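A short write-up of the structure that comes next.
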Amino acid sequence: MLTELHIGIDDTDSEKGGCTTYTAAVLFQELLGRGFKPSDFPWLVRLNPNIPWKTRGNGALAIHFFIDEEQIEDVHRIAMETVDKTTVASAHGTDPAIAFLKGQVPRALHEYSTRALHDVLSVREARAVARRAGAEVHALMGVRGLIGSLAAIGAGLDFVEHTFEIIAYRISENLGNPRRIDHDSVKLMNSKYGNRTFNNLDSESGRVLVSPHGLDPVLLGIRGYSPNDVLDAFKELQLNEEIERVMIFRTNQGTDAHLGKTRKAVDLKPHQSGALTGRVDDVPRVLRGGHVIFRLRDDSGLIDCAVYRPTGSLAMAARDLLPGDTVRVYGGVRRLREGTPTLNVEKLEVLHMVEKIQQANPMCSSCGGRCESMGRGQGLRCKKCGQRNEYASKIQVRQERHIQSTIYVPPPRARRHLTMPDSKPRNISNEYLRVENFQLRVEDFN
Ligand code: ATP
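The sequence shown begins at 10 in the working numbering and counts up one residue at a time.
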């Protein structure tokens, strides 16, 4: 009898190389090659981006296949061997793990996965949730990877908001060498497919963003709103090096999934993510280096908010906030500043702006020239015609505010994988590649 088998994988990479997406792609293609039928694209699930022990983007993977009960043991073995073979360990903190779950994914696992986007979870809880959900979990070295491998299975990307990413992997001979992609072809692709794909280029600097820079096997990735979109966009690129394989992932990237939890200032703990609404409590300070710090007050207390210079237009907007403005800030707590948690702002929504009032000397009533003060409590004198008025005083002038009641997001170069792009199209194609026919032959791209 056929059952659906979900396989969650995490933490097979390190700063020395490897990538968990690569492990998942190898395993997916291995099982496909042996004639097993996938029930969905592999999932690339980004979890809480504020976790300090992540290698890069806190990604965990899940793949889903229909398997005959009698072959499940074989598939377990193939999966474990693939994880073992593709793990690039480092001395500290590579904790490859794999989780298996048969049949329907229970609600408790979905809830666990949602919490893994916002909070810091323990291995102990992961083991307890696995037991309750009937999942089998294996840690191949350290145990931390169990959290991500289980959360990947529970992500529910087939029913929650999602996007797609096509990733091309390098051949092993090229690992560590500069990536050779024709940047003009990326720009051309972006001009053609920019409304159906996202984060190809930085909108402020024009920098090409499709490639990472490390020792990992990813040559490039293109993110978009349907499998067809990312595949069509990928075919436009001119690659100047051989590729080993190509895979399309269903993913929660570009969905703001980590920012959905509303928090209170007093409750925020290090490494959590979420959003809170409050009033700006002081005039934002611009630190050396251009980072902006301001305090926000909600009905529970105060929190420091930091908006870093690389966030470009977001940091510029934060500089213009005034005490009394009501804003909703989205982001993650990375550390404590002087005992109070600091929220690293990833997105700023201006809900209400106070008036900006400045004291100014009035114009002269007879000639229209600008008046000046004659000294404290001694009235004003016109600078042009000299007319005096002992009873006149400064007037209040309303200044124009530079920020607007809108949502500010950083430019693509400073976004997290999960950050929602600012220009999401309304009509997203429902014309999907059929996953069961989904064989991307590398010969078609080399
Ligand atoms: P890459 O994106 O290159 O695959 P990474 O940035 O995903 O690497 P990992 O090497 O997977 O980093 O390390 C992240 C570790 O954090 C994993 O062991 C994972 O199980 C764990 N983890 C993920 N989310 C949470 C969470 N919410 N609480 C605690 N631990 C978590």
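Just so it is clear, CB atoms sit at the ideal spot from N, CA and C, and this is done for glycine as well. Treat the numbers as computed from the prediction; the structure is a model and nothing was measured.
- Less than 8 Å separates the beta-carbon of D20 from that of D104.
- Note that the C-beta distance between R337 and A284 is below 8 Å.
- In this structure, R425 has its beta carbon at no less than 7 Å from each heavy atom of ligand 1.
- Straight through space, the alpha carbons of A148 and L246 are spaced by roughly 39 Å.
- Within its own chain, the residues whose Cβ lies closer than 8 Å to the Cβ of S212, once the five positions on either side in sequence are excluded, are P420 and P421, listed in chain order.
- Going by DSSP, A315 is part of the beta strand (DSSP E) stretching over G310 to V316.
- The beta-carbon distance between A144 and L166, rounded to whole angstroms, is 17 Å. This is too long to meet the 8 Å contact definition.
- Take E170, set aside five residues on each side of it, and the residues of its chain with a beta-carbon closer than 8 Å to its own are N261, T264 and A266, in chain order.
- By the C-beta criterion, the stretch 374 to 381 is judged not to be in contact with the stretch 301 to 308, since fewer than 3 inter-stretch pairs fall below 8 Å.
- Under the three-state reduction of DSSP, T64 is assigned to coil, being neither helix nor strand.
- The Cβ-Cβ distance between T96 and L36 does not fall below 8 Å.
- When DSSP states are grouped into helix, strand and coil, S282 belongs to the strand group.
- Only residues of its own chain outside the window of five on either side were considered, and among them L323, A326 and L357 have a CB closer than 6 Å to the CB of Y417, listed in chain order.
- In the three-state DSSP reduction, V114 falls in the coil class, being neither helix nor strand.
- Counting only runs of at least 3 residues, the stretch 39 to 89 fully encloses the following beta strand (DSSP E) elements, listed from N- to C-terminal order: 52 to 55 and 68 to 77.
- If you check the CB distance, P58 and R425 come in under 8 Å.
- Within 7 Å of the C-beta of G263 there is not a single heavy atom belonging to ligand 1.
- Spanning the alpha carbons of R407 and Q367 requires a straight line of approximately 6 Å.
- For the options W52, S181, R288 and R297, the alpha carbon positioned closest to that of L330 is the one of R288.
- In its chain, beyond the 5 residues on either side, R189, I190 and D191 have a beta carbon closer than 7 Å to the beta carbon of N249.
- Taking the Cβ of C314 as the reference point, every heavy atom of ligand 1 lies at 7 Å or farther away.
- In the DSSP assignment, K356 is bridged to Y339.
- Burial check for L11: the Cβ neighbour count within 10 Å stays below 16, so the residue is exposed.
- According to the DSSP secondary-structure assignment, N398 is paired through a beta bridge with L389.
- Around the Cβ of V54, a 10 Å sphere holds 16 or more other Cβ atoms; the residue is buried.
- Between ligand 1 and the CB of D431, the shortest heavy atom gap is not smaller than 7 Å.
- Between ligand 1 and I60, a heavy atom-to-CB distance of less than 7 Å is present.
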